[in-house]
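To keep things clear, I will list the structure first and then write my remarks on it.
Protein chains in written order, with my numbering: chain A, 37 to 365; chain B, 169 to 430.
Written as structure tokens, this is what we have:
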């Protein structure tokens with residue numbers, strides 16, 4: 037199997053930077069590298085500066101952060117749940133977050149952070165529900181991991197139904213806003229949303245990186261983890277919670293971008309990353325690259341029509357998921 | 169040394185206690201075996217030892233310390249356990265896998281020192297898997313995997329080693345190799361507590377056998393004390409004779425035939 041070499045990090049970062057540069061340069065008006073660099077330094081044509089600094093740069097950064105958050109979340113979930121098919125989207129986390137966000141839309145609540153807070157509450161509610169269903173053993177102290185995955189899928193289906201009901205009598209505007217959540221998009225990126233997302237991703241992602249060695253031990257199974265001095269249930273629950281938080285933050289910023297959290301950790305493992313500290317960081321870098329590239333495709337493939345970002349990532353992710361499922365069978 | 173005193177372990181909604189007043193000692197430098205039929209409470213004792221099952225009453229003492237006064241990390245520095253089951257969902261390099269045995273010493277953030285690295289190297293060497301160090305865990309045979317798991321436990325450098333059915337699914341050669349390894353580890357001063365179905369092998373290698381039945385100690389002592397045909401017949405519900413193994417004269421259990429008429 038491939039061994040990860042130190043210089044791979046430079047390649048991962050270089051690929052991300054190149055894709056990011058292309059994403060900033062390409063669009064309705066295609067810019068040259070020189071024009072982009074000048075605009076970043078606030079010199080040159082004012083229109084170009086506006087396009088780069090107010091539109092494309094925040095959008096690219098938002099996409100990168102969403103990908104990083106989903107990749108890191110997926111890597112932590114797969115390791116701690118010992119399931120190669122675990123990811124925030126399939127575990128109902130994202131669905132729950134979307135219900136929260138859509139309810140805020142449907143009820144016409146506006147105001148700073150309302151959507152973010154609602155998405156987070158929705159995600160926590162979905163996680164709590166999935167966890168409650170999968171409790172087994174003495175006083176519900178243990179969580180059955182296979183049940184947790186199934187429960188997450190079912191909670192996700194329930195979340196979709198809730199969204200449909202909430203939207204049944206919605207105004208066309210609300211409907212459009214809600215669809216934005218369902219399909220995922222980085223189009224509404226602002227520096228404000230980028231800042232908030234960056235703070236959440238670095239905080240929650242940092243916690244996962246800090247706990248990474250615990251994920252290594254948890255991935256050996258509950259009994260082995262217990263024998264190595266880890267309270268497997270408590271530790272598994274809190275990693276699940278932080279990974280859910282990470283996913284919720286991305287949903288609040290860009291809606292449902294599915295399958296990134298599933299695909300990316302597998303790519304990172306293919307490159308030879310095994311221990312979860314480098315794995316979580318590597319998955320964040322690869323996730324960022326993937327979503328920036330997918331968003332570039334969403335903007336440019338059918339221009340001037342913009343394709344939904346979540347649909348692009350799903351089209352990449354679903355075949356991958358099926359192959360994984362086939363391998364697991 | 170592990171001292172178990174009047175231990176009672178029970179699971180919720182269970183009709184009877186899984187372990188119901190068991191006492192025994194697993195001293196340093198000895199191989200102590202826990203044997204008995206399915207459901208006799210062997211694994212529950214191991215689970216209680218790693219706090220995965222609730223101790224209702226009685227006590228488990230590790231050296232001088234009561235299990236309840238130890239944190240999980242302190243416990244893991246004193247007792248290394250190879251549990252019965254372990255699924256390796258994501259393959260890792262054998263060396264990295266064995267290095268996870270240092271977790272109780274390192275915690276979340278400390279980097280491995282020379283002490284940690286030499287503990288891992290020693291463990292791989294002792295378990296006879298140092299030549300597999302660069303392989304991935306999904307490229308191992310059943311016998312290799314069990315030895316690698318033992319290496320991971322040895323890397324903990326705990327004075328007590330507990331193994332739950334380490335030779336299930338192994339062929340005779342690999343099974344013997346594991347028993348010889350455990351025998352030598354006990355000889356090197358570890359307190360080895362082995363849960364095993366393999367009465368005949370246990371009778372050849374163990375210093376003491378604790379034979380459990382329905383959560384209680386049916387009998388314990390040296391292999392010759394424990395391996396009595398009438399007692400084993402009652403416990404296992406099957407006619408047996410006890411003979412002598414031709415190599416070293418250890419007691420050997422031979423189950424008799426009892427044909428089924430259809």
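All C-beta atoms, glycine included, are put in the ideal place defined by N, C-alpha and C.
Think of a sphere of 8 Å around the beta carbon of residue 264 of chain A: the chain B residues whose beta carbon falls inside it are 244, 268, 269, 271, 272 and 324, in chain order.
Contact check for residue 266 of chain A against residue 254 of chain A passes: the beta carbons are separated by less than 8 Å. For residue 368 of chain B, the enclosing alpha helix (DSSP H) stretches over residues 367-373.
A contact between stretches requires three or more CB pairs, one per stretch, nearer than 8 Å, and the segment 182-191 of chain B fails this requirement with the segment 230-242 of chain B. Residue 227 of chain B and residue 204 of chain B have their C-alpha atoms some 21 Å from each other.
Listed by position along chain B, the residues whose Cβ is nearer than 9 Å to that of residue 310 of chain A are 258, 259, 260, 261, 264 and 304. Residue 192 of chain B carries a strand assignment under DSSP once its states are collapsed to helix, strand and coil. Within the segment 117-133 of chain A, the residues whose Cβ lies closer than 8 Å to any Cβ of chain B are, in chain order, 118, 119 and 120. Sequence-distant partners of residue 61 of chain A (beyond 5 residues in either direction) whose C-beta falls short of 6 Å from its own C-beta, in its chain, are 67 and 72. The contact set of residue 384 of chain B on chain A, defined by CB atoms closer than 9 Å, is empty, because the minimum CB distance reaches about 22 Å.
Residue 379 of chain B is positioned such that its CB atom lies closer than 8 Å to that of residue 403 of chain B.
At a cut-off of 4 residues, the continuous stretches assigned as alpha helix (DSSP H) that sit fully inside the segment 171-249 of chain B are 210-217 and 240-246. Residue pairing by DSSP puts residue 412 of chain B in a beta bridge opposite B:419. At a cut-off of 8 Å, the C-beta of residue 291 of chain B has no neighbouring C-beta in chain A.
Looking at the backbone, the Cα of residue 81 of chain A and that of residue 306 of chain A are separated by about 44 Å. Interface criterion met: the Cβ of residue 240 of chain B is under 8 Å from a Cβ in chain A. For the C-beta of residue 276 of chain B, the chain A residues within less than 7 Å are, from N- to C-terminus, 246, 247, 249 and 250.
With respect to chain B, the C-beta atom of residue 256 of chain A has a partner C-beta closer than 8 Å.
For residue 253 of chain A, the closest Cβ of chain B is nearer than 8 Å.
In this chain, the beta strand (DSSP E) harbouring residue 376 of chain B covers 376-381.
Shown here, residue 330 of chain B sits in a strand according to DSSP, grouped into three states. Rounded to whole angstroms, the gap between the alpha carbons of residue 356 of chain B and residue 264 of chain B is 25 Å. Between the segment 342-352 of chain A and the segment 131-148 of chain A there are fewer than three C-beta pairs closer than 8 Å, too few to call the two in contact. For residue 234 of chain A, the uninterrupted alpha helix (DSSP H) run begins and ends at 227-246, by DSSP. Residue burial annotation: residue 349 of chain A is buried, with at least 16 other C-beta atoms found within 10 angstroms of its C-beta. Below the 7 Å Cβ cutoff, chain A contributes 263 as neighbours of residue 249 of chain B, in chain order. Identification of chain B residues near residue 260 of chain A by a Cβ-Cβ cut-off of 7 Å yields 251 and 254, ordered along the chain.
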